[in-house]
Amino acid sequence: MKKFIRNIAAAALTAVATLPAAQAQDLEKITYLFPAPDFLPAFAPFQVARAKGYYEEAGLDVTWQIGKGGADVAKQVAVGNVELGGGIGDTPIIVRQNGLPVKGVALLGGRPLTQVLIRAESGIEDVAGLVGEPVGVIAYQDTTYYNLLAALAASGVDANDVDIQAIGAGGMVQLMISGDVTAISGTPDWAVAIEHAGVDLNIIEMDTMLPAMAQAILASEDTIAEKPELVDAFVDATLKGLNDVIADPEGSAAAVAGFVPQMEGQEAMLVEVMERYATLVYAMPEGQTLGTFDAERMSTVANFYLDAGIVTEVSDTPEDYFTNAFAE
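Here is the structure:
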């Protein structure tokens, strides 16, 4: 258990996919930028796809790198430093107002990635109770920070009245266990790690406050226009990994544990994490295809952020923030 917690809290790593030279020559090179350490179970669909060779089957030689939160990833994608990257479905709403022409090209679930995780011993049972309390986020450039701001606004709380701390991916679990923060804007895998360390949590599901979204694969408008086959291949491979996680958590946990060194021997924990993701994040509304965005929901989120003062402008056309061309 301690090993799992240390792994979840470890510093960011850069993982580069390696292939035999002859095979790599036949594959198209691409760089994908994760918003947080790539060994986190939140990225299990990608790791399952890597372990099973889905990206190579799709004709891709992927280099994997680590960014500094979803908003930072979106910037790197927008300026062309990487072809694709990870954020949340909400991320384009945040960054496009700054002139960064980024769109979501696949949405990895129908519910929010983040929940507000509160130490139960604090006696706080809702977001409104966090006034004056230390609350952790990965970074002020991470979209989960903006989700927290929106959750506070929805609860009638001024963010200035909460001690929001950027504590990095490593601190999200460690400081909750130690009690140095009362709550975090976190994900199901962090909740599992914290609970298994003996800390009871009150988990506030984000979509009880706002219609936030799951992880998203992000691409620039230039990449979408100039390299659609590349985007399509990457999305297809990732969605294969996601479907495997949903349909076979035990087999997917074994694949991740055998492929990601930090997860070695953690199959049982990974199964629990994947099952939580299937319910809290991956579940799709009836009639909506896994991987796709809903225009009405995107518009609702954008207008919520505008009304809350988190963004200063939004597009009247929600499709400015996403395309379903690669996931349908």
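Read the sequence shown against the working numbering and you will find it ends at 1286, with the numbers running on by one and no gaps. From the three backbone atoms N, C-alpha and C, an ideal C-beta is built for every residue, glycine too. Source: prediction; values computed, not measured.
The DSSP assignment places complete beta strand (DSSP E) segments of no fewer than 3 residues inside the stretch 1135–1169 at 1141–1144 and 1159–1163, in order along the chain.
Rounded to whole angstroms, the gap between the alpha carbons of Asn1039 and Phe1004 is 20 Å. The stretch 1062–1069 and the stretch 1012–1021 do not touch, with fewer than three beta-carbon pairs separated by less than 8 Å. For Val1115, the closest C-alpha among the options Ile1135, Met1167 and Tyr1279 is that of Met1167. For the options Thr1196, Val1269 and Leu1264, the alpha carbon positioned closest to that of Leu1018 is the one of Thr1196. Collapsing the DSSP output to three states places Phe1251 in coil. Looking from the CA of Ala1172, the closest CA among Ala1000, Tyr990 and Leu991 belongs to Ala1000.
Counting along the chain, no beta strand (DSSP E) covers Tyr1098, and no H or E run does either. Annotation: Glu1091 is outside any beta strand (DSSP E) and is labelled neither H nor E by DSSP. In terms of Cβ geometry, Pro993 and Gly1047 do not form a close pair [threshold 8 Å]. The C-beta distance from Pro1070 to Val1060 rounds to 19 Å, too long to fall under 8 Å, and the pair is not in contact. Short of 7 Å from the beta carbon of Tyr1104, and not among the five residues preceding or following it, lie these beta carbons of its own chain, in chain order: Asp1048, Ile1052 and Ile1268.
The C-alpha of Thr1101 lies about 36 Å from the C-alpha of Asp984. Taking C-alpha positions only, Arg1255 is separated from Pro1169 by approximately 7 Å. In the three-state DSSP reduction, Phe1284 falls in the coil class, being neither helix nor strand. For Val1272, the CB contacts under 6 Å within the same chain, skipping 5 residues up- and downstream, are Ala1260 and Leu1264 in chain order. Here the stretch 1078–1098 makes contact with the stretch 1121–1129; the two share three or more CB pairs at distances below 8 Å. Straight-line measurement puts the Cα of Trp1148 at about 12 Å from the Cα of Met1232. In this model, Val1189 and Ile1076 are separated by some 38 Å (Cα to Cα).
Residue pairing from DSSP places Ile988 in a beta bridge opposite Val1020. In this structure Leu1106 touches Ser1143 by the C-beta definition: roughly 4 Å separates them, less than 8 Å.
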